[in-house]
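Numbering (the working numbering), first residue to last: 132 to 290.
Beta carbons are placed, not taken as given, at the ideal position from N, Cα and C, and that holds for glycine.
None of the values given here were measured: they were computed from a predicted structure.
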């Protein structure tokens, strides 16, 4: 497997796509039931293959990931051969929680005040693995797929 097996909840959300996947592989509903009941390893292998296809397609179409903690926000922009990260770190002295309210507005307010309690930093990293695998690793640490709006706003601020 390149990524990970989709959870039951994720599979349920993608049920129509999974049925299409099975049909494309000439597996009928009856065949699938037989596989699940009699050949669990083959059924699991099909789910793993489907999972990799889903992740691969999602990562291919994704440019940005975001990760939010109570006092830190990170946005990652993925290019062909590198990933760029911009992070905003807020001092724990401030009574702010970035996970509450509208993130974009909260960041704007913090950055307009230009206080020493807010720190912006950026980094660039060449890929050590395939682009999609790098994305997967960051997602597994708590990031989620996003558009590049906040990345672009922050990039403009620090340029």
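Per the coordinates, the alpha-carbon of residue 197 lies some 38 Å from the alpha-carbon of residue 157. The beta carbon of residue 183 sits closer than 7 Å to those of 132, 133 and 134, all from its chain and outside the five residues before and after it, given in chain order. Counting other Cβ atoms within 10 Å of its Cβ, residue 275 stays below 16 and is therefore classed as exposed.
Closest in alpha carbon position to residue 290, among 217, 205 and 162, is 217.
Along the length of the stretch 161-196, whole beta strand (DSSP E) runs at least 3 residues long do not occur. Per the coordinates, the alpha-carbon of residue 233 lies some 20 Å from the alpha-carbon of residue 287.
Pairwise C-beta distances place the stretch 220-231 out of contact with the stretch 184-195, as fewer than three of them are shorter than 8 Å.
Linking residue 173 to residue 147 through their CA atoms gives a straight-line distance of about 20 Å.
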